[in-house]
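Q: Numbering (our numbering), first residue to last: 0 to 200.
The C-beta atom is built at its ideal place from N, Cα and C for all residues, glycine as well.
Let me give you the structure first, and then I'll get to my questions.
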Amino acid sequence: LFGEKNIQVGLPRDPNEIYGPEGFGPQRYIANTGKVGYTVSFENVTSATASAQRVYVLDTLDKTKFDLANFELATLTISDSVYFIPPSLKEYTQSVKIKEFNNVDVLANIKLDTATGILSCTYLSIDPVTKELIDTASLLGFLPPNTSPPEGQGSISYSVKIRNSLPSGTTVPNRAAIVFDKNNSISTDTWVNTIDNTAPA
């Protein structure tokens, strides 16, 4: 049906990071007194040979450590644009216009499943006119190689309360995974804080 053709396939690549409360010292000690904030960031590195069309972020929150009833989304960023998510939401969908591009928008869906503790974030490239998903065979994408930062960067931020019942010395880890298009999932480093509710003596 098709004649043979040599095709060079471009692949996006990504370094991944998660950031949480800085805390004190190498153990990142924190007092368990309120909500804490996390940011998961992703970047299509400069050596990538294609724009990313679809980005998936998964962050599984340990229900024994986090009180998911006190979770809320904060912001999402794409390039240098920051989108503030209305307060108290555990799910949010937004069609985002990328000012650098006229031929691609982003459909972002972010949702916390309180039964499993999984925060899932999906960013899909869509046609700004038809609102249909851009064909994966196309070279169009919303996240180009990051040769002119921050055009190839994005993030999702949220806050959540650590459970009051955790005693001092309890470690609270958090790690996310990011997938660009059909690439393998790559996990971030694990961000770890340690609970310290004891006043200094």
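Which of the three DSSP states, helix, strand or coil, is assigned to Lys64?
A: DSSP places Lys64 in coil when its eight states are reduced to three.
Q: For Asn108, collect the residues of the same chain with a Cβ closer than 7 Å to its Cβ; drop the 5 residues on either side in sequence, then sort them by chain order.
A: Within the same chain, Asn108 has close Cβ partners Thr92 and Thr121.
Q: Can you check DSSP and say which residues form a bridge with Asn182?
A: DSSP output for Asn182 lists no bridge partner at all.
Q: Starting from the Cα of Gly116, find the closest Cα among Asn69, Thr45 and Asn192 and give me that residue.
A: Of the candidates Asn69, Thr45 and Asn192, the one whose C-alpha sits nearest the C-alpha of Gly116 is Asn69.
Q: What does DSSP give as the partner residue(s) for Gly153 in the beta ladder?
A: Phe41 and Ile77.
Q: If the criterion is Cβ atoms closer than 8 Å, does the pair Val105 and Leu118 meet it?
A: In this structure, Leu118 does not lie closer than 8 Å to Val105 by Cβ.
Q: By how many angstroms is the C-alpha of Gly36 removed from the C-alpha of Asn201?
A: Since the first residue shown for the chain is 0 and the last is 200, residue 201 is missing from the structure and cannot be characterised.
Q: For Ile194, I'd like the list of residues in its chain whose CB is within less than 6 Å of its CB, leaving aside the five on either flank, ordered along the chain.
A: Only Asn31, Leu165, Ser167 and Thr169 meet the Cβ criterion.
Q: Verify whether the separation of the beta carbon atoms of Gln84 and Leu67 is less than 8 Å.
A: Gln is not the amino acid found at residue 84; the sequence shown has Ile there. No, they are not a contact pair.
Q: Here's the rule I'm using: 16 or more other beta-carbon atoms within 10 Å means buried, otherwise exposed. How should Gly2 be labelled?
A: Here the model assigns Gly2 a pLDDT of 37, short of 50, so the residue's position is not dependable, and the following value carries that caveat. Answer is exposed; the Cβ neighbour count stays below 16.
Q: Quick check on Asp165: does DSSP put it in helix, strand or coil?
A: First, the residue type needs correcting, since residue 165 is Leu and not Asp in the sequence shown. Note: Leu165 maps to coil in three-state DSSP.
Q: Can you round the beta-carbon distance between Ile29 and Trp190 to whole angstroms, since I take them to be within the 8 Å contact cut?
A: Wrong, their Cβ atoms sit about 12 Å apart, outside the cutoff.
Q: My assumption, with CB atoms under 8 Å, is that Asn15 sits in contact with Thr187. Please give the rounded CB distance.
A: The pair is a contact, with the Cβ atoms about 4 Å apart (cut-off 8 Å).
Q: Suppose the cutoff is 7 Å on Cβ atoms and the five residues either side in sequence are ignored; what does the same chain contact list for Asn145 look like?
A: Excluding positions up to five away in sequence, the list reads Glu42, Asn43, Val44, Thr45, Gly151 and Gln152.
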